[in-house]
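Chains as they are written, first to last, in the working numbering: chain P, 103 to 556; chain B, 1274 to 1514.
In structure tokens, the structure reads:
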């Protein structure tokens, strides 16, 4: 028998009892609707969750210079002075897996405003890209410094919340002048609250400023000054100093006022570390590979030589991220399965009732020449039609529901075509699986018994 | 020509350990164009014989030849095909599909036939058939809107839609009053006379049996009496063994 004829018979049979067909479908409608709504709300929540974990720095890579060593004594990670701001630019330029990156210089110094002072956890010299790397783009107040500020080593800074509270006590710090080691900085912005990081450090106890300003004006350890300090004459000559005769300075030493006013431009400036953000947590291994290729080439490291830098990722955070996402997906899947199974049992129940109720009809159809498989197909198609109709209605209902949630509660939702396709397939599958037993039962009826059935 | 030939048909039902013989060796022959009434008291086995003749059931032993084809060994699917092509059924309780129009009821067997008919052709044939039973103006009526006699005529149209050579009627007038019974029986006689359709009726009503050309009485699983009625010449003989 032709398939469309079977479909026609099934549809006619369903039309004969529209109320029951509708109620049967309701189970699937609710099941599929719940699945779609769950999937959409869940996908939105999962994305939001991923984003918030990512904002903790899950995608951030830290590139530190390697160890310096002298005479077989190594001084530990971060002591070699081989990492430069140009390295950071090269990474941004040549590593497609990197979203953004910023050079970092760190200082620790006293900050003074009026009669109050504070030593922040860290004074970071960086570029505006740092805010993007750390997902810290939204400022509480004011605006971030610009690349031009970095180029000109302008004395501007952004304060963390803790610092703003300690120094200004509720007064807006924007536009005020603070002093860091007697260098005056204008506060142009206040960072939003971030809280403690995973190690318990207060991330709001921080000042951000252009790295050039911190490097040349505050820490003052540019190469030029580093060389010149070797020749100061006020060092105490002790017995332990084996070679006291240091090289005499070629140029007259500049006073600290001169140095502050005119930081000597240097050919080669080293930075303390580079922070780079990968596009996604999946791309972190790729990003590490790309960065180490770029840096090996720039630092002229032969293949057999060890790297003079090391790259670290937030492996723990990344692991958390992936477990959370998997957990979320599995949870949603479990809920979805339960609703669909309940819907499917409803279909099976009604189909069984329907087979019993239509025993005489089945007998009649067999008497006029329907084979067992025709009857099987008819009831199977009925169940599948019910499920597919229910599935379609459920998709509309679920999608509408999730949109309602988005509008009313403001939850993030994400339409997922995969979920819709799955729902269609699964509802057809439920129809076949749960429709099969009643249909098989119908096809096995004895026509004589069925015709005599009251 | 012998349309139906039975040779020593036996049917035994197995009820647990006890076997209950219902038909104990029936042999008969029915020619084409006959109008036969199968009668007998209840429990005599006439319904079982009807089921076997209608290819709804298989005999335990014996041969059943229908139009030169031995059917007692066919599979269920082959018998379904045979029923669809060669046999028509009319039941006591009409067995029309509820909430389904007369024309769709009549067209129903066509969806199981091997012929591949378009839906318009299907409707045409069903309408034609309903016209022949005098219901050409009731095509889209539902069974609940038809009288008992009309319902039975819809059932007859349905039984004839595939132009079967044999029509089985199981107590066709059991649910009808005497006037409509008469109508239905006249329709049988007409079909038998004009189209040469062989009709086999099961009935216990002597008045209904009186319309038949031949009456076969079954008692206790055996043919008791095989008499030609007021038909002009007895065309068929069946013997009890």
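For each residue, glycine too, the CB sits at the ideal point set by N, CA and C.
What residue from the options has the CA that sits closest to residue i's CA?
i                       : options                        : result
residue 1457 of chain B : B:1494, B:1443, B:1366, B:1425 : B:1425
residue 376 of chain P  : P:405, P:188, P:391            : P:188
residue 478 of chain P  : P:513, P:544, P:442, P:447     : P:544
residue 108 of chain P  : P:182, P:518, P:130, P:480     : P:480
residue 1314 of chain B : B:1497, B:1492, B:1500         : B:1492
residue 1470 of chain B : B:1453, B:1461, B:1327, B:1289 : B:1461
residue 1307 of chain B : B:1337, B:1320, B:1275         : B:1275
residue 1319 of chain B : B:1442, B:1391, B:1367         : B:1442
residue 492 of chain P  : P:232, P:119, P:110, P:129     : P:129
residue 165 of chain P  : P:373, P:443, P:363, P:382     : P:373
residue 170 of chain P  : P:183, P:163, P:162, P:158     : P:183
residue 219 of chain P  : P:192, P:266, P:156, P:242     : P:266
residue 1398 of chain B : B:1415, B:1417, B:1436, B:1370 : B:1436
residue 440 of chain P  : P:140, P:123, P:114, P:116     : P:140
residue 529 of chain P  : P:507, P:408, P:438            : P:438
residue 198 of chain P  : P:427, P:517, P:382, P:455     : P:382
residue 419 of chain P  : P:386, P:455, P:403            : P:386
residue 1287 of chain B : B:1295, B:1280, B:1446         : B:1295
residue 501 of chain P  : P:475, P:144, P:118, P:388     : P:144
residue 302 of chain P  : P:223, P:309, P:311, P:476     : P:223
residue 1476 of chain B : B:1444, B:1431, B:1498, B:1298 : B:1444
residue 1384 of chain B : P:467, P:152, P:159            : P:467
residue 1351 of chain B : B:1386, B:1418, B:1487         : B:1386
Looking at residue j and residue i, is the spacing between their C-beta atoms short of 8 Å?
i                       : j                       : result
residue 1251 of chain B : residue 1400 of chain B : Because residue 1251 of chain B is not part of the residues shown, which for chain B are 1274 to 1514, the question remains open.
residue 307 of chain P  : residue 248 of chain P  : no
residue 79 of chain P   : residue 132 of chain P  : This structure does not reach residue 79 of chain P, given that chain P is present from 103 up to 556, and the question cannot be answered.
residue 1376 of chain B : residue 1396 of chain B : yes
residue 503 of chain P  : residue 135 of chain P  : yes
residue 1344 of chain B : residue 1328 of chain B : yes
residue 1353 of chain B : residue 473 of chain P  : yes
residue 228 of chain P  : residue 204 of chain P  : yes
residue 515 of chain P  : residue 142 of chain P  : yes
residue 225 of chain P  : residue 208 of chain P  : yes
residue 1474 of chain B : residue 1360 of chain B : no
residue 304 of chain P  : residue 298 of chain P  : yes
residue 547 of chain P  : residue 471 of chain P  : no
residue 1281 of chain B : residue 1335 of chain B : yes
residue 269 of chain P  : residue 215 of chain P  : yes
Bridge partners of residue i, per DSSP?
i                       : result
residue 543 of chain P  : Its beta-bridge partners do not exist; DSSP assigns none.
residue 1499 of chain B : B:1489
residue 436 of chain P  : Per DSSP, none; premise fails for residue 436 of chain P.
residue 228 of chain P  : P:312
residue 219 of chain P  : P:214
residue 1460 of chain B : Its beta-bridge partners do not exist; DSSP assigns none.
residue 1293 of chain B : B:1286
residue 259 of chain P  : P:289
residue 298 of chain P  : P:304
residue 446 of chain P  : DSSP, once it has assigned bridges, lists no residue as partnering residue 446 of chain P.
residue 1475 of chain B : B:1311, B:1443
residue 414 of chain P  : P:164
residue 375 of chain P  : P:206
residue 501 of chain P  : Beta-bridge pairing links residue 501 of chain P to no other residue.
residue 244 of chain P  : P:291
residue 399 of chain P  : Its beta-bridge partners do not exist; DSSP assigns none.
residue 1278 of chain B : B:1302, B:1338
So, under 8 Å CB-CB, residue i and residue j are touching, yes? Tell me the CB distance rounded to an integer number of Å.
i                       : j                       : result
residue 258 of chain P  : residue 290 of chain P  : 5 Å
residue 235 of chain P  : residue 380 of chain P  : Residue 235 of chain P to residue 380 of chain P, Cβ: 10 Å. No contact.
residue 488 of chain P  : residue 533 of chain P  : 6 Å
residue 1440 of chain B : residue 1472 of chain B : 5 Å
residue 1421 of chain B : residue 1449 of chain B : 5 Å
residue 497 of chain P  : residue 138 of chain P  : 5 Å
residue 185 of chain P  : residue 411 of chain P  : 6 Å
residue 273 of chain P  : residue 241 of chain P  : With 8 Å as the limit, residue 273 of chain P and residue 241 of chain P do not qualify as a contact, their Cβ atoms being about 17 Å apart.
residue 1485 of chain B : residue 1309 of chain B : 6 Å
residue 1390 of chain B : residue 1378 of chain B : In fact, because the Cβ distance is near 16 Å, the residues do not count as touching under 8 Å.
residue 461 of chain P  : residue 155 of chain P  : Not a contact, Cβ separation roughly 59 Å.
residue 309 of chain P  : residue 262 of chain P  : 7 Å
residue 1302 of chain B : residue 1368 of chain B : About 29 Å; that fails the 8 Å criterion.
residue 483 of chain P  : residue 540 of chain P  : At roughly 12 Å, the Cβ-Cβ gap does not stay under 8 Å, so residue 483 of chain P and residue 540 of chain P are not in contact.
(message) Restricting to runs no shorter than 3 residues, where is the beta strand (DSSP E) found entirely within the region 130-194 of chain P?
(response) You should have 162-167.
(request) Would you list, in sequence order, the uninterrupted alpha helix (DSSP H) runs of no fewer than 4 residues that lie entirely inside the region 1321-1403 of chain B? (result) Within the region 1321-1403 of chain B, the complete alpha helix (DSSP H) runs of at least 4 residues are 1349-1359, 1375-1380.
(request) Please list the segments of the alpha helix (DSSP H) lying wholly inside the region 1403-1466 of chain B, counting only runs of 4 or more residues, in order along the chain. (result) Listed in chain order, the alpha helix (DSSP H) runs fully inside the region 1403-1466 of chain B are 1421-1433, counting runs of at least 4 residues.
(request) Please list the segments of the beta strand (DSSP E) lying wholly inside the region 457-499 of chain P, counting only runs of 3 or more residues, in order along the chain. (result) Here no run is fully enclosed.
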